[in-house]
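Everything on this sheet refers to the single structure shown next.
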Amino acid sequence: MITFMNNSDSEEEPCNERTSLMSAESPPVPSYQDGLPASEAGEVHAHRKRRAGSSRSHNNIADGDMSDPGVPVRESALENEEEELTLKYGAKHVIMLFVPVTLCMIVVVATIKSVRFYTEKNGQLIYTPFSEDTPSVGQRLLNSVLNTIIMISVIVVMTVFLVLLYKYRCYKFIHGWLILSSFMLLFLFTYIYLGEVFKTYNVAMDYPTLFLIIWNFGAVGMICIHWKGPLQLQQAYLIMISALMALVFIKYLPEWSAWVILGAISIYDLMAVLCPKGPLRMLVETAQERNEPIFPALIYSSAMIWTVGMAKPDTAARGPSQQTWDAAEDGRENHQSPSHTDSQMPETRSPVPTRPIASFEELEEEERGVKLGLGDFIFYSVLVGKAAATASGDWNTTLACFVAILIGLCLTLLLLAVFKKALPALPISITFGLVFYFSTDNLVRPFMDTLASHQLYI
Amino acid sequence: MTLAVFFGCTFIAFGPALGLFLFTIARDPLRIIILIAGAFFWLVSLLLSSLIWFIAVKASDPRDEPLQKGLLIFGVMFSVLLQEAFRFLYYKLLRKAIEGLVALSEDGCSPISIQQMAYVAGVGFGLMSGAFSMINLLADALGPGTVGIHGDSQLYFLTSAFMTMVLIFLHTFWGILFFHGCEHRRWWEITAVVVMHLAVSGSTFCNPLYVGSLVPSYLLMATAAVWAYLLSGGSAQNLRRFLLSGLQSRASPQPGS
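Below is the structure:
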């Protein structure tokens, strides 16, 4: 799910943004996760965070509140400013999501194309028990649909379980679950991945060195993801675990089941986020009622922190300088998990009521960023990876799916700006991706191959 | 083959486009979005034209060689026309986007002009077109093999790379010309772009007689470049001033003019 998180500071704002693009008075939107069963160990380590939030500037509100002395004009100007800022930073937000999604896909495609292991068929997960090795097409289709039903039901059950746990405040259980999952991802899956990469490139490696590498990688990862760490390192780790998870899916989901599951997951995402009784929506609402962030990590955050001039009473002399926006871009890192950061963003506004002029300067900090759930990363990469793995060695299909997913993401963010509420990030992108995969593989490929054999150019 | 050919052909085909991207597009998020959307539009046009060609081929006799050749020619021409149609659709979309950007901006002017959008859209079309033509070739070039061992031209990869480069440039210039024609209602500019595109695609039917396809394409590219430059506000005087000032500043450091 994609949401904008408003990192608004205003105390006067009780409304919690449910990760919407609403005027930033809401406390940061916690991201929810739903459990996603998918490891061969049958362990629940994957949490599909499908929420993205982006924090928006709360300056406007702050300004409006601050400059109380009769500034309705100010507020409307602020609103315009707000909208303009939305758009201005809308493009930036889109790029802030394009880059990690692209990186994740590149890692997955590079691995698929070079390491044979992830394209070999070595059994299936217990969540997709029906085999696709049947002679007839109808039987195969039936098996894949049954596999999908089982997989989606498991996901629904996990999500509902998570929502119930959250509702009844079993926080320790949830945290333990999350920590166990990321532990397994960071250590076990990385070990397997490294092993296969070394095998592919025929690199000799001894166990002590391997242990050292994996121990360092995993320990730093756990700290970065669950506690504090430099923002970019945290982002890198999140991309890596999404890629690892996607590779597991690509390897262990049978062909047709994978496509049907992708389609079904988008529909489920749509319903779970938008229906009033959807588990994800209920999770968000519960979190908002309690005014607290939900779970650490497992949401990719691209937050940057802008430090606007510190609010001090004696800076009244500064006047209406508009320098803050340009001058105050401080690339301080977001050391905490995104949701924590959002909630803990201190808000200090200048107590000086005598400044009628707009003061973005007064705002101490504003965090802007977009958050996208890791589940979205994973399924985007599954789609592109599957296209790379199975499209008859054709790179055009992979490229087409890549562009389609990026455009879907762009459209979703546009819708987010229009509707200003939590939105599922999967449906549009996956639909485009699926359409482009099948059409490019079946229609465009023969055309381009024929053109290439005659060296014709269009 | 292998790495040398791979890197050589990659940089021949995509080097200039990469330079254009890095220096003019990569900094601005709005331009990146326009670029990707342009690539998407080109992709959709290709999809539709392949669909038509596929249906035509399936409905015809696969053993009839002249018919298949004719269908291929028809497919190429139809694809070119469809690409230009989608360029027009993209122009319409960008016009609407500019109005939206203007409405939302605080000082009443859009952060990006239609000319810049035309340029970026052209690069988007060109990059996608080049990528689709070239990427499979590059992947094959990485592996072992001998080019033209069955009697075909030995210069296949090299000429493909040069053709891709010229196509990317051409798409860029056509974007500028096309949008300018649409903006100022000069239909002859639009027609000229379509005719040029048809000519370039048609000239590739001469392959493997590369003189017949590469030389005209490069000449057309030079023409389109000059025309686009003039339309964008450039002139011989500007160019001279730019070059001379460059020479001057290198010869004698001016005290900050």
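Listed in order, the protein sequences are those of chains A and B.
Per my numbering, the very first residue in the first sequence carries number 30; after that it's consecutive.
Per my numbering, the very first residue in the second sequence carries number 856; after that it's consecutive.
Glycine included, every Cβ here is placed at the ideal spot set by N, Cα and C.
- Task: Have a look at Met51/A and Phe127/A and give me their C-alpha separation to the nearest angstrom.
- Result: With a pLDDT of 31 at Met51/A, under the threshold of 50, the predicted position of this residue should be treated as unreliable, and no value is reported.
*asked:* Below 8 Å on the Cβ atoms is my contact criterion, and I expect Tyr329/A with Gln264/A to pass it. Report the Cβ-Cβ distance as a whole number of Å.
replied: The C-beta separation of Tyr329/A from Gln264/A comes to about 6 Å, placing the pair in contact by the 8 Å criterion.
- Flag this pair as yes or no: are the beta carbons of Leu1025/B and Met1076/B separated by less than 8 Å? Yes. Within cutoff.
Contact criterion: CB-CB distance below 8 Å. Does Trp1029/B meet it with respect to chain A? Not an interface residue.
query = What number of angstroms, rounded off, separates the C-alpha of Tyr222/A from the C-alpha of Asn245/A?
reply = Each residue's CA atom was taken as its position, placing Tyr222/A and Asn245/A some 16 Å apart.
Environment of Asp423/A [buried if 16+ CB atoms lie within 10 Å] | Counting other Cβ atoms within 10 Å of its Cβ, Asp423/A reaches 16 or more and is therefore classed as buried.
Indicate the three-state DSSP secondary structure (helix, strand or coil) for Cys488/A in the structure shown.
Given a span of 30 to 487 for chain A in the structure shown, any question on residue 488/A remains unanswerable.
Task: Residue environment, Trp1029/B, which counts as buried when at least 16 other CB atoms sit within 10 Å - done: So Trp1029/B counts as buried.
Alpha helix (DSSP H) segment containing Tyr147/A, residue limits
No alpha helix (DSSP H) holds Tyr147/A; DSSP gives it neither H nor E.
Margin query: Against Gln264/A, what residues of chain B qualify as contacts under a CB-to-CB distance less than 9 Å, listed in chain order?
Written below: Simply none; closest approach about 17 Å.
Report task. Locate the alpha helix (DSSP H) running through Asn1093/B, then write down its first and last residues. Result -> Counting along the chain, the alpha helix (DSSP H) containing Asn1093/B begins and ends at 1091–1106.
- Spatial neighbours of Thr1046/B in its chain, beta-carbon cut-off 8 Å, leaving aside the 5 residues before and after: In its own chain, leaving out the 5 sequence neighbours on each side, no residue places its CB closer than 8 Å to the CB of Thr1046/B.
(Q) Considering only the alpha carbon of each residue, which of Ile184/A, Ile270/A, Phe146/A, Phe216/A lies closest to Ile290/A? (A) Closest option to Ile290/A, Cα to Cα, is Ile184/A.
Practice item. Pick helix, strand or coil for Ile953/B, following the three-state DSSP scheme. Key: Here Ile953/B sits in helix by DSSP.
Chain B residues whose Cβ lies nearer than 8 Å to that of Glu304/A: In the sequence as presented, Glu is not what sits at residue 304/A; that position holds Cys. Here the premise fails: no neighbours, minimum Cβ distance about 30 Å.
* Asked: Name the chain B residues whose beta carbon is nearer than 9 Å to that of Ser331/A?
  -> Within 9 Å Cβ-Cβ: nothing; Ser331/A doesn't reach chain B, min ~12 Å.
Just the C-alpha distance for Leu485/A and Tyr409/A, rounded to the nearest angstrom, thanks.
Going from the Cα of Leu485/A to the Cα of Tyr409/A covers about 33 Å.
task: Can you tell me which of Ile953/B, Ser1090/B, Gly1006/B, Val899/B puts its alpha carbon nearest to the alpha carbon of Phe980/B?
output: Answer by Cα proximity: Val899/B.
Exercise for the section: Helix, strand or coil for His1039/B, going by three-state DSSP, please let me know. Expected result: For His1039/B, the secondary structure class from DSSP, reduced to helix, strand or coil, is coil.
Could you compute how far the alpha carbon of Arg1037/B sits from the alpha carbon of Phe943/B? According to the sequence shown, residue 1037/B is Cys rather than Arg. If you take the alpha carbons of Cys1037/B and Phe943/B, they lie about 8 Å apart.
Legend entry - Proximal residues, the region 469–486 of chain A versus chain B, C-beta separation under 9 Å: The region 469–486 of chain A vs chain B, Cβ under 9 Å: Thr469, Asn471, Leu472, Val473, Arg474, Pro475, Phe476, Met477, Asp478, Thr479, Leu480, Ala481, His483, Gln484, Leu485, Tyr486.
Check whether Pro871/B and Met1020/B have beta carbons under 8 Å apart:
When the beta-carbon positions are compared, Pro871/B and Met1020/B come within less than 8 Å of each other.
Problem set entry | 8 Å Cβ cutoff met for Thr1078/B and Ser1068/B | No, they are not a contact pair.
Problem set entry | Listed by chain order, chain B residues near Ala429/A by CB distance under 7 Å | Here the neighbours are Leu898.
Return the chain-ordered list of same chain residues with a C-beta closer than 8 Å to the C-beta of Leu273/A, the five sequence neighbours on each side being excluded. Counting only Cβ-Cβ distances below 8 Å, and skipping sequence neighbours, we find Leu214, Phe218, Thr219, Tyr222.
Considering just the uninterrupted stretch of the alpha helix (DSSP H) at Leu19/A, what are its terminal residues? Shown here, chain A extends from 30 to 487; a query on residue 19/A therefore has no answer.
Among Tyr156/A, Glu314/A, Leu472/A, which one has its Cα closest to the Cα of Tyr281/A?
Measuring from the Cα of Tyr281/A, the nearest candidate turns out to be Tyr156/A.
| What does Val432/A touch in chain B if you count any residue whose Cβ is under 9 Å from its own? | Residues of chain B passing the Cβ test: Ile891, Ala894, Phe895, Leu898, Met983.
(request) Could you tell me the distance, in whole angstroms, from the CA atom of Ile203/A to the CA atom of Val313/A? (result) Each residue's alpha carbon lies about 16 Å from the other.
Could you check whether the region 289–309 of chain A touches the region 169–183 of chain A, counting it as contact only if at least three pairs of C-beta atoms, one from each stretch, sit closer than 8 Å?
A contact is defined here as three or more CB-CB pairs under 8 Å, and the region 289–309 of chain A meets this definition with respect to the region 169–183 of chain A.
Determine the direct distance from the alpha carbon of Asp235/A to that of Asn176/A, and round the result to whole angstroms. When rounded, the distance between both Cα atoms is 40 Å.
Handout entry: Where the alpha helix (DSSP H) through Ser968/B begins and ends
Key = Annotation: Ser968/B is outside any alpha helix (DSSP H) and is labelled neither H nor E by DSSP.
_Close-in-space but distant-in-sequence residues of the same chain around Gln153/A (CB under 8 Å, 5 per side omitted)_ = Excluding residues within five positions, the ones whose Cβ falls inside 8 Å are Ser160, Tyr281, Leu282, Pro283.
Item checked: Cutoff 6 Å; reference Ser1056/B; Cβ partners in own chain excluding five residues on either side -> Excluding sequence neighbours, Ser1056/B sits near Val931, Val935.
Excluding the five sequence neighbours on either side, which residues of its own chain have a C-beta within less than 6 Å of the C-beta of Val1048/B, listed in chain order?
Setting aside the 5 residues that flank it on each side, Val1048/B is surrounded in the same chain by Trp1029, Leu1032, Phe1033, each with a C-beta closer than 6 Å to its C-beta; the list follows chain order.
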